[in-house]
Structure formats: structure tokens, C-alpha cells
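Numbering (the UniProt record's numbering), first residue to last: 1 to 161.
Each residue gets a CB set at the ideal place from its N, CA and C atoms; glycine is no exception.
A quick note: this is a predicted structure, and the numbers were derived from the prediction, not measured.
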């Protein structure tokens, strides 16, 4: 009995990242449903982004404050400026452009373009030499194959629609 419990405990530990990934995708699915319902009821996308950030701040603040209070760095002006710029351009501007693109293009095109982010990030990292690419190893071949398959799928979806 102890061997079986140990086996399942080990499996649970090994599969925890996969379980969390599935949980995150389920959360994104609910978020898309809420977003679609909000837009169908006439909510402005810019107001929706603002409300989304307010709700996420309220939900995440207690966790960040209490769980990381001993390890967080001192808030200097440079760190504050970096956080402000990253939140403005990395999150707010991205979401506002995403929702604006939904207005001007088809949802199929927008969904397929979102799926190119990882592939294009990889291509840019290789070009800027931030990522090493060794085609002699299985890992390097998998990276290239994943990028090609992703971009081929996006192209197919866009051209088909």
C-alpha cells in the first residue's frame, strides 16, 4: 500500500506543471466567455481592460503582499519606473490593441495571430542571438519544427477563412 501511495504521489509531483497549465487554459476560456458577453452587452473595450486590471489587482494583491513580503526587493524609483512601463506597454497597450483588432478584423485572424507570438518570439531571439539553435540535437529540431508547424497552421487558418 505504501508503494502505491508513493507512486501516485510521485506522479502528482511530476504532473503538477501540466495540471496547472490545464487550469490556466480553463481560466482563459472563462475569461474569453466573460469578455464576449461584456462586448455583446455593449461594454467599451478600453473600459473592460481597466475593470479587468482592477479586479486582477484586488485578487492578486493579498497573495503578492503576504507570500512575498520577505523576498521582494526595495521599491526604488528605477524599479517603480520599470514596473510602470512594463505594465503600460506589456499589458495595457497589448490588451487594448488586441480588442481594437477584434473590431477591425475577424476573430479567426486575431486568434491565429495570437498563436504566432511564441513562434515569432523564437525567430526574433534567434536573429538577435539571444537563443542558441543547434540543429544537430533533438531539442533544436523540435524548436524549429514547432515554429514551422505553428506558422503553417496560422497561415492555413488565415487563408482558409
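Since residue i and residue j are thought to touch, with beta carbons under 8 Å apart, how far apart are those beta carbons, to the nearest angstrom?
{"i": "residue 95", "j": "residue 49", "result": "5 Å"}
{"i": "residue 79", "j": "residue 73", "result": "7 Å"}
Using only the alpha-carbon positions, how far apart do residue i and residue j sit?
{"i": "residue 133", "j": "residue 139", "result": "9 Å"}
{"i": "residue 152", "j": "residue 111", "result": "14 Å"}
{"i": "residue 143", "j": "residue 117", "result": "14 Å"}
{"i": "residue 67", "j": "residue 123", "result": "36 Å"}
{"i": "residue 23", "j": "residue 15", "result": "12 Å"}
{"i": "residue 77", "j": "residue 120", "result": "33 Å"}
{"i": "residue 75", "j": "residue 90", "result": "20 Å"}
{"i": "residue 158", "j": "residue 107", "result": "10 Å"}
{"i": "residue 13", "j": "residue 58", "result": "30 Å"}
{"i": "residue 137", "j": "residue 21", "result": "26 Å"}
{"i": "residue 64", "j": "residue 39", "result": "30 Å"}
{"i": "residue 163", "j": "residue 105", "result": "In the structure displayed, the chain extends from 1 to 161; residue 163 sits before or after that span and is not available."}
{"i": "residue 154", "j": "residue 31", "result": "23 Å"}
{"i": "residue 61", "j": "residue 19", "result": "24 Å"}
{"i": "residue 52", "j": "residue 17", "result": "26 Å"}
{"i": "residue 84", "j": "residue 54", "result": "15 Å"}
{"i": "residue 34", "j": "residue 125", "result": "34 Å"}
{"i": "residue 70", "j": "residue 103", "result": "44 Å"}
{"i": "residue 131", "j": "residue 160", "result": "32 Å"}
{"i": "residue 88", "j": "residue 141", "result": "36 Å"}
{"i": "residue 36", "j": "residue 150", "result": "25 Å"}
Using a C-beta cutoff of 8 Å, does residue i count as contacting chain C?
{"i": "residue 56", "result": "Of the protein chains in the structure, only one exists, and it is not chain C."}
Open item on the list: I'd like to know if the region 39-48 and the region 86-105 are in contact, where contact means that at least 3 CB-CB pairs between them fall below 8 Å.
Closed with: By the Cβ criterion, the region 39-48 is in contact with the region 86-105, since at least three pairs of Cβ atoms, one from each stretch, lie closer than 8 Å.
TODO: Could you tell me which uninterrupted beta strand (DSSP E) segments, each at least 3 residues in length, are contained entirely in the UniProt domain "EamA" (21-155), listed from first to last along the chain?
DONE: If one requires a minimum length of 3 residues, no beta strand (DSSP E) run lies completely within the UniProt domain "EamA" (21-155).
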